[in-house]
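Before any comments, here is the structure.
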Amino acid sequence: MGFFSKLFGLDKESKVSEVEPVEYEGYLIYPEPIAEGGQFRIAGRICKQIDGEMKTHTFIRSDLLASKQDAEEFMLNKAKMFIDQTGDSMFQ
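For the sequence shown, the numbering used here begins at 105 and goes up steadily by one.
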């Protein structure tokens, strides 16, 4: 079944990569750029533990950048700005 699972995209383990979060003001920012047509869409997650529950806000922008590293850095900067502007209200 290994051949067929790879052929039909069922081998998800090979595509999953661990993202190291960046801590900012008690939030965890996970930069997760999305590959699109040879470029990378700025995307990721902002997470925070609130009242014993992990809250997550998915962050996707329309911006495309040429490199994955640039998209990760841009996402971190935008996420920090978003946290400063909205705080915990992003989870409502």
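Ideal Cβ placement from N, Cα and C applies to all residues, glycine included.
| Asked | Found |
| --- | --- |
| Quick one: is Ile164 buried, meaning 16 or more other Cβ sit within 10 Å of its Cβ, or exposed? | exposed |
| Assuming Gln173 is part of the alpha helix (DSSP H), what are its boundary residues? | 172-190 |
| Closest to Phe186 by C-alpha separation, out of Glu157, Ile150, Gly156, would be which residue? | Ile150 |
| Quick one: what's Phe144 bridged to in DSSP? | Ala139, Leu169 |
| Going by CA-CA distance only, name the one from His161, Leu168, Ala175, Leu180 that's closest to Ser193. | His161 |
| Label Glu176 either buried or exposed according to how many other C-beta atoms from any shown protein chain fall within 10 Å of its C-beta, with 16 as the threshold for buried. | buried |
| Going by DSSP, what residue range makes up the beta strand (DSSP E) through Val126? | 126-128 |
| Compare the Cα-Cα distances from Ser171 to each of Phe144, Lys159, Glu122 and report the closest residue. | Phe144 |
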